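The listed protein sequences correspond, in order, to chains A and B. Last residue of the first sequence: number 266 in UniProt numbering, and the count goes up by one each step with no gaps. Last residue of the second sequence: number 266 in UniProt numbering, and the count goes up by one each step with no gaps. So the structure is just underneath, and the comments pick up after that.
There are 2 protein chains.
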Amino acid sequence: MTTCSLLTGKEDDFGGVIVRFTNQMESNVFASLLRASMAQWKLQGKKGVWLEIPIECVNLVEAAVKEGFYYHHAEPKYLMLVHWIPETNSTLPANATHRVGIGAFVLNKEGQVLVVQEKSGKFRGTGIWKFPTGVVEQGEDICDAAVREVKEETGIITEFKEILAFRQSHKAFFQKSDLFFVCMLEPLSFDIQKQDLEIEAAEWMPFEEYAAQPYVEKHELLKYLVDICLAKKERKYTGFTPVPTTSTFSSEKHFLYLNGRDLSSL
Amino acid sequence: MTTCSLLTGKEDDFGGVIVRFTNQMESNVFASLLRASMAQWKLQGKKGVWLEIPIECVNLVEAAVKEGFYYHHAEPKYLMLVHWIPETNSTLPANATHRVGIGAFVLNKEGQVLVVQEKSGKFRGTGIWKFPTGVVEQGEDICDAAVREVKEETGIITEFKEILAFRQSHKAFFQKSDLFFVCMLEPLSFDIQKQDLEIEAAEWMPFEEYAAQPYVEKHELLKYLVDICLAKKERKYTGFTPVPTTSTFSSEKHFLYLNGRDLSSL
């Protein structure tokens with residue numbers, strides 16, 4: 001066996017090895033390379049072996065599965081497969097389980113709340129006014145996502161203030177879960193420029209009018225959120241504010257969300 | 001074309017169709033079935049077409065990609081591919097982006113906190129005492145995960161009280177993000193039975209001793225958490241408590257986490 005008959009992997013911090021494919025190859029060539037490499041990694045006492053296969057190299061997937069690999073996760077342009085070599089229980093990291101969404105409570109000084117009607121989805125054509133909502137993108141901070149979604153849907157520029165509450169739900173899409181953060185934002189502009197693709201209508205509405213919608217009154221979750229927003233409006237409620245901190249694992253800044261009022265009163 | 005020459009799909013609520021494979025078939029048979037079915041779905045004005053391919057049918061993946069499908073997500077035993085038919089922008093749901101973890105602050109009536117030393121990972125052999133931590137499993141509530149992890153690692157039975165704070169970090173594993181919830185739990189038992197596989201040692205430690213560890217003092221995030229726990233210990237801090245609510249989308253109960261003290265004081 002010569003060195004060129006093995007796959008080139010990079011060692012990870014957990015005694016494993018990761019192989020990233022950049023060039024296409026024949027699947028039978030790949031199969032024998034993989035078999036020889038696996039034998040070598042076993043001898044070396046490697047634990048998890050990862051194969052990151054770009055969608056252009058989809059012809060290699062079947063051979064990897066036949067060698068005992070299974071799927072770990074996938075993104076549009078690649079598939080990650082993994083094989084745990086040791087006899088002991090796998091300590092491989094779990095796949096992502098949650099999608100994260102935001103709802104934005106934007107209250108102006110006249111006591112009006114920013115609401116929208118959506119063009120698609122379950123609220124289409126219902127006439128129901130709701131807070132701007134959206135999905136937090138990969139790598140995006142929750143507080144940034146809230147500001148971005150409000151700007152995209154209504155043109156309103158805002159400053160993030162607080163997370164008022166959040167809800168965890170399961171089987172939101174396929175078998176995955178959802179974390180929905182209700183955020184309070186302060187408007188820095190007032191002239192609504194609605195986005196035409198998704199938004200049917202957008203306006204500033206007296207909070208009482210929003211809360212009095214039959215749909216809102218009928219749903220336990222929305223009624224709680226109305227109570228929270230009302231308490232916030234009357235300055236009787238404190239949520240979590242973001243504080244930038246360095247993590248224990250890297251020097252990058254990450255947001256820690258905490259009850260800043262209670263902490264600063266110490 | 002007869003009806004048996006088309007794939008059998010199930011319509012979804014968004015004008016799309018989902019095909020779940022249960023039987024193996026030859027990849028060339030699949031390729032022509034898929035081509036004929038796609039033509040039909042286009043005529044019918046379908047939007048998203050989903051293919052859920054179990055790992056046993058991995059031989060079909062290459063044909064699907066050649067027909068213009070790309071990966072949406074994967075779990076160990078299946079791969080989900082998708083194709084967006086319309087010319088307009090895709091409104092397909094995003095893949096899960098976050099893993100969710102918990103850290104457990106368990107304080108007994110003597111002012112001692114439950115701490116562990118881990119057998120593996122970055123803290124192995126460092127002598128550092130830390131709160132029990134763990135990953136929230138698919139479909140699991142955050143509050144249940146905290147109780148489960150404490151029980152698994154230390155044998156201590158607890159009651160969930162509050163989420164004190166949470167941290168969002170990015171690129172925690174591959175390109176995915178992490179949400180880490182610091183939870184307060186009340187111990188209902190006191191006799192530690194540590195789990196041998198992952199836990200080197202577990203004990204009740206005076207909170208001040210935990211907080212005085214150089215590692216804790218050195219890290220901004222942990223220092224914040226110490227301040228929060230100390231404020232909580234002195235009953236000067238309120239986090240978020242879980243309230244079961246029915247969702248707007250289903251009759252199932254989901255937990256809404258909110259500042260219950262501020263809301264009940266209304």
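Beta carbons: idealized from backbone N, C-alpha and C, even for Gly. Only a predicted model underlies this, so the values are computations on that prediction, with no experimental measurement involved.
Residue-level contact to chain A via CB, residue i, 8 angstroms cutoff
i       : result
T91(B)  : yes
L7(B)   : no
Q175(B) : yes
N28(B)  : no
Y210(B) : no
V17(B)  : no
D262(B) : yes
P214(B) : no
L188(B) : no
T97(B)  : yes
Rounded separation between residue i and residue j - CA only
i       : j       : result
Y210(B) : P93(A)  : 28 angstroms
L222(B) : Q213(B) : 11 angstroms
K122(A) : V106(A) : 23 angstroms
V150(A) : Q168(A) : 22 angstroms
F173(B) : V147(B) : 25 angstroms
L263(B) : E220(A) : 15 angstroms
G134(A) : D191(A) : 21 angstroms
K171(A) : N95(B)  : 13 angstroms
Y215(B) : A104(B) : 18 angstroms
G127(A) : N108(A) : 22 angstroms
T88(B)  : K176(A) : 26 angstroms
S120(A) : A63(B)  : 32 angstroms
M1(B)   : H83(B)  : With a pLDDT of 40 at M1(B), under the threshold of 50, the modelled position of that residue is not reliable, and no figure is offered here.
S32(B)  : G139(B) : 37 angstroms
V226(B) : C143(B) : 21 angstroms
Y224(A) : L34(B)  : 47 angstroms
L7(B)   : L7(A)   : 38 angstroms
Chain B contact for residue i (CB, 8 angstroms cutoff)
i       : result
I55(A)  : yes
F105(A) : no
T246(A) : yes
A231(A) : yes
V136(A) : yes
I102(A) : no
F160(A) : no
S120(A) : yes
H83(A)  : no
K23(A)  : In the sequence as displayed, the identity of residue 23(A) is Asn instead of Lys. Chain B, which has no Cβ nearer than 8 angstroms to the Cβ of N23(A), makes this no.
P86(A)  : no
T2(A)   : Only weak support exists for where T2(A) lies, its pLDDT of 41 falling under 50; the coordinates are left without a value.
Given residue i as reference, the closest of the options once Cα atoms are compared
i              : options                               : result
C57(B)         : Q24(B), E75(B) and V113(B)            : Q24(B)
D141(B)        : L225(B), G111(B) and V243(B)          : V243(B)
G15(A)         : T91(A), S177(A) and L33(A)            : T91(A)
W204(B)        : W129(B), V100(B) and T97(B)           : W129(B)
L258(B)        : C229(A), S264(A) and A104(A)          : C229(A)
residue 283(B) : Q175(B), Q138(B), E186(B) and D178(B) : Look at the range of chain B in this structure, 1 to 266, and you will see that residue 283(B) is not part of it.
L188(B)        : K218(B), K171(B), I157(B) and V216(B) : I157(B)
K66(B)         : M38(B), Q195(B) and T88(B)            : M38(B)
Q195(B)        : L225(B), G155(B) and D178(B)          : G155(B)
D178(A)        : Q193(B), R99(B), Y224(B) and V19(B)   : R99(B)
residue 268(A) : V19(A), V113(A) and Q193(A)           : Beyond the ends of chain A as shown, which are 1 and 266, falls residue 268(A); an answer cannot be given.
Q193(B)        : K218(B), Y224(B), L114(B) and V29(B)  : L114(B)
Other residues of its chain near residue i: CB distance less than 6 angstroms, five sequence neighbours each side excluded
i       : result
N59(B)  : S27
V116(B) : P132, E153, I199 and A202
A145(A) : I102 and V136
R261(A) : T238
S5(A)   : A36
T235(B) : It should be pointed out that residue 235(B) corresponds to Arg in this sequence rather than to Thr. No residues qualify anywhere along the chain.
Own chain, CB closer than 7 angstroms to residue i, minus 5 neighbours either side, in chain order
i       : result
W41(A)  : V17, V49 and I85
P54(A)  : F21, K77 and Y78
V61(B)  : I53 and L79
F240(B) : E162, I163, Y257, L258 and N259
Other residues of its chain near residue i: CB distance less than 8 angstroms, five sequence neighbours each side excluded
i       : result
T245(A) : K253, H254, F255 and L256
E118(B) : R124, K130, E198, I199 and E200
G111(B) : P206, F207 and K233
T3(B)   : With a pLDDT of only 44 at T3(B), under 50, the local geometry of the prediction cannot be trusted, and no value is derived from it.
A231(B) : Y237
T97(A)  : K176 and S177
Residue i beta carbon near the ligand ADP (any heavy atom closer than 7 angstroms)
i      : result
T88(A) : By its list of ligands, the structure shown contains no ligand whatsoever, and the ligand ADP lies outside what it can speak to.
So, do the segment 5-25 of chain A and the segment 46-53 of chain A have three or more beta carbon pairs nearer to each other than 8 angstroms?
-> yes
Cβ contact (3+ pairs, closer than 8 angstroms) linking the segment 160-170 of chain A and the segment 181-195 of chain A | yes
Using 8 angstroms as the Cβ pair cut-off and three pairs as the minimum, do the segment 63-74 of chain B and the segment 66-83 of chain A touch?
-> yes
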